[in-house]
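Visitor: Before I ask anything, here is the structure I am working with.
Chains as they are written, first to last, in the numbering used here: chain A, 11 to 395; chain B, 104 to 327.
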């Protein structure tokens, strides 16, 4: 019951039959303790590859592009084999027809925008090349910037130029490595919108790498989560998030509170179970929470995630509530982040709670104040260890 | 002013510079992009001519070119004489002597180029060789010009190696720097002064070029 329609490493077979499938199966050691081990397939459309920094996302893209070689595996697009360790196939990057927008864009600083975009088109005759470049500049909304150098462009314009350069060669796969990471916040959403419009109608697989939650929701048709070098979840954003599995997905879904939990007792008839929640280090600092029932045994170790926006506070002992988890505690600290107040509360475990500015004032919240923490059973999301 | 010596010196400097740019680029490329853990040893070897006395270098070159070495004997069997005390021998000695002055500015310039640019070029379908000319050379131009200027100036100013390998033969191996030495020995201070000033002027022009280039803002993509 831990997973809904979320699939893991075995989804490759289902999608392989689709004619435009990009099949990626690879293993690569990244450090002495950690490596990539993935097996998945994508079809046309945008697939968000989500994972924490250092999870191996860029290496994965580099392997698909042919810039680095996996230790073993198989990569093919629409039946065309790009890499196969068993058959000894390794098509060089120059022959793969992959469009790649790098994290720092890698626009050639000594060339104009026009020349940058035309860079990959030297096999075409000059008139056709010029025409394609002009058309792409129009399409990207930067028709007048052709003569400028990258250093003279704004962040958003550079981004568009880099995308234009990747698309003008008519690639069969498009890779985007955190394309919005270098942009300022206000610019980001606007560019994200433009990006979505530019790439959503492409009839090729697009891998969009990010560690930003907002981009997932803005752009994602398919979401693939990379955690510790492995695919931990795959599906539409809704599917993946409605039943979060690994910790990366939990963070994606916005669980500010994640704790170790051990199943204490199971109440099948109620559809719930009781877990001992707390830091694994201190036995004394543990509380009992009633959580939804999942397929687990008594004594099993899991993790529980609670969104900070799902927690309520009361300044006097509440009565007659529907919530099953009411924990006494005291307020540790209050801090303001944009328009919300983040309160840290110690009720046996330390929780982050999101409140409005108005609440802080109307309840007279100050550090040290005695409060009661209220958490609904269904706000406790159980995660695999 | 000994014009014969002057033109000989210019010829030597031009020849050595031309050869070193071609020879130096691959070495500089390797030094800039290789991550071999023993790379520092190669870097030290390349830098040796900067600190070694010219007589040490001159000595080894002489021995390598002379009758005592297998190469020298082979050359003699082919041409009837060794390379020692010839213009070609000077060229060889000067190449070794000026090597770091060509390689180091080039390597420094190349290492300032973001490796991702090379990746971008590959992904866009451009071969390694064409990437070299379309990306690496334009972006390392300041390093190239610096290397050319320094190599030329350094070769013009050689004395010890030239003396040992060349032997001060007029028209063949008597360069301007040796010429000054001779003139001082002959107590011909006026001539020595003229020659010296010419060398100072040339060196100054070249160095001004070098420093002007490396002061200008060069829009090389910053390395992460």
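Just so it is clear, CB atoms sit at the ideal spot from N, CA and C, and this is done for glycine as well.
(1) Identify, in the order they occur along the chain, each residue of the same chain with its Cβ nearer than 7 Å to the Cβ of residue 226 of chain A, setting aside the five sequence neighbours on each side.
(2) On the DSSP bridge assignment, give the partners of residue 177 of chain A in chain order.
(3) Quick one: which chain A residues come within Cβ less than 7 Å of residue 219 of chain B?
(4) Does DSSP put residue 288 of chain B in a helix, a strand or coil?
(5) Would you list, in chain order, the members of the region 210 to 243 of chain B that have their beta-carbon closer than 7 Å to a beta-carbon of chain A?
(6) Are the region 147 to 161 of chain A and the region 112 to 128 of chain A in contact at 8 Å, needing three or more beta carbon pairs?
(7) Beta-carbon within less than 6 Å of residue 186 of chain A's beta-carbon, same chain only, minus the 5 sequence neighbours each way: which residues are those?
(8) Rounded to a whole number of angstroms, what is the C-alpha to C-alpha distance between residue 346 of chain A and residue 107 of chain A?
(9) Any C-beta of chain B within less than 7 Å: which residues of the region 75 to 100 of chain A qualify?
(10) Where residue 219 of chain B and residue 148 of chain B are concerned, what is the direct C-alpha to C-alpha distance, given to the nearest angstrom?
(11) Residue 141 of chain A by DSSP, collapsed to three states: which one?
(12) Looking at residue 359 of chain A and residue 304 of chain A, is the spacing between their C-beta atoms short of 8 Å?
(13) Pull up the distance between the alpha-carbon of residue 362 of chain A and that of residue 354 of chain A, whole angstroms please.
(14) Just the C-alpha distance for residue 147 of chain A and residue 178 of chain A, rounded to the nearest angstrom, thanks.
(15) From the DSSP output, read off the bridge partner residues of residue 384 of chain A.
(16) Taking 7 Å as the cut-off, is the CB of residue 244 of chain A close to at least one heavy atom of the ligand COA?
(17) At what residue ranges does the region 172 to 223 of chain B contain a whole run of the alpha helix (DSSP H), taking only runs of 4 or more?
(18) With a CB to CB cut of under 8 Å and the five nearest residues on each side skipped, what residues in its chain are close to residue 297 of chain B?
(19) Around the Cβ of residue 277 of chain B, are there at least 16 other Cβ atoms within 10 angstroms (buried) or fewer (exposed)?
(20) Hey, out of A:39, A:388, A:285, A:41, whose CA is closest to residue 321 of chain A's CA?
(21) In this structure, does DSSP put residue 271 of chain A in helix, strand or coil?
(22) Would you mind listing the alpha helix (DSSP H) stretches within the region 259 to 305 of chain B that are 4+ residues and don't spill past its ends, in chain order?
(23) Buried or exposed: residue 202 of chain A, going by 16 or more other Cβ atoms within 10 Å of its Cβ?
(24) Note down the Cα distance separating residue 121 of chain B from residue 32 of chain A, rounded to an integer number of angstroms.
(25) State the CB to CB distance for the pair residue 35 of chain A and residue 83 of chain A, rounded to an integer number of angstroms; the pair is presumed to be in contact (CB under 8 Å).
(26) Would you check if there are 3 or more beta carbon pairs closer than 8 Å linking the region 373 to 380 of chain A to the region 240 to 251 of chain B?
(27) Return no unless some Cβ of chain B is closer than 8 Å to the Cβ of residue 108 of chain A.
Guide: This is what the structure gives:
(1) 58, 60, 220, 233, 247, 262
(2) Paired residue(s): none; residue 177 of chain A is not in a bridge.
(3) Chain-order list of chain A residues neighbouring residue 219 of chain B: 112, 114, 116, by C-beta distance under 7 Å.
(4) helix
(5) 217, 219, 220, 222, 223, 225, 226, 227, 228, 229, 230, 238, 241, 242
(6) yes
(7) 111, 218
(8) 49 Å
(9) 75, 77
(10) 29 Å
(11) helix
(12) no
(13) 5 Å
(14) 9 Å
(15) Paired residue(s): A:322, A:336.
(16) Absence of the ligand COA from the depicted structure is noted, as is the absence of any ligand whatsoever, leaving it without description.
(17) 173 to 182, 190 to 214
(18) 104
(19) Around the CB of residue 277 of chain B, 16 or more other CB atoms lie within 10 Å, so the residue is classed as buried.
(20) A:388
(21) strand
(22) 263 to 269, 279 to 288
(23) It counts as buried.
(24) 50 Å
(25) 5 Å
(26) no
(27) yes
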